[in-house]
Amino acid sequence: MEKFTLEILFQIIGIGSASGLFYNNDALYIIGDNSGFLYEYNMQNQQLSQHALIDNPTQNIPKNLKPDFESLTHHNDTLYVFGSGSTENRNKMIEFDLKSKTVLQKNNLVDLYAVMQNFGSIKPEDFNIEGAIFDGENWYLFNRGNGISNKNTIFTIHAKSLGDEFALVATNYKLPKIKGVRSSFTDAVLVEDKIYFLSTAEDTKSTYDDGEILGSFIGRIDLKTMKIDFTQKITSTNKFEGLTFYKKENNKIEFLLCEDNDTELLETKVFKLSLPIK
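In terms of UniProt numbering, the sequence shown opens at residue 1 and continues consecutively.
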């Protein structure tokens, strides 16, 4: 692949362990996997505000209690925030209205996640949803294969609402390795008919415990064939967990990325990644 560029765009104080983001009209919406808030950062005036997603939210929820919000997607004026499903208290999906800036609905996906685990032959201890896409007709949920079985799986759910009857497809992927450690899905976004995804190599065999970070990749999947077009290593040090489309111009496409620093430090760096359009 031709040369890419990766640069730090800015740093936000007040957000820790960033795990997902969505860019819209100079506003950057960010979730952290140890927080009960949705953060809204105005990139023009550099103001940060927060919106409660759960009752009695805090910024640093203990690991054994956190809802583990790992992914978010949007359709029309609604943001959908997903818990990872990696433990029994991480099964929430929150619907948030971008116009009124209020929570519309709180859903428990425990039954859906159980069906996905059974259908995809993924043990509960290897189940870890870290990316989500909704195009209005289909949901794409990305299981991060950082458990023992390395199950990097995209679940395609044909339904307009996750409460409706649905058809389910599971597609497994072998993602590239770093130093013998296979990378695993950490986020994804749909741009036209292509899925762009992040994967990170982390030296751990657990969806719960963190390990040594070995680097991250950007990749692309064709939506029609669900086959990988390319992967490109973009760092040897960062654990990128959030990806959102920024802009497309002059034969290049730009994304904003955030990283999970696996600490209690309340600061988040936002990166800009530029790729040539192929």
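A virtual CB, placed ideally from N, CA and C, is assigned to each residue, including glycine.
Counting other Cβ atoms within 10 Å of its Cβ, residue 183 reaches 16 or more and is therefore classed as buried.
A direct Cα-Cα distance of roughly 6 Å separates residue 123 from residue 117. Between the alpha carbons of residue 3 and residue 77 lies a distance of about 35 Å.
In the three-state reduction of the DSSP assignment, residue 118 falls in the helix class, which pools H, G and I. The alpha-carbon separation between residue 18 and residue 224 amounts to approximately 31 Å. CA-CA distance, residue 238 to residue 276, rounds to 21 Å.
Separation of residue 217 and residue 145 (C-alpha to C-alpha, rounded to the nearest whole angstrom) is 14 Å. C-alpha of residue 178 to C-alpha of residue 213: approximately 10 Å in a straight line. Here residue 92 is buried: its Cβ has 16 or more other Cβ atoms, across all protein chains shown, within 10 Å. Listed in chain order, the alpha helix (DSSP H) runs fully inside the stretch 213-247 amount to none, counting runs of at least 4 residues.
Counting along the chain, the unbroken beta strand (DSSP E) around residue 186 starts and ends at 184-191. Comparing alpha carbon positions, the residue from 133, 103, 134 and 150 closest to residue 125 is 150.
Judged by DSSP in its simplified three-state form, residue 40 adopts strand. In the structure shown, residue 124 adopts helical secondary structure according to DSSP, grouped into three states.
Within the DSSP bridge table, the entry for residue 178 names 181 as partners.
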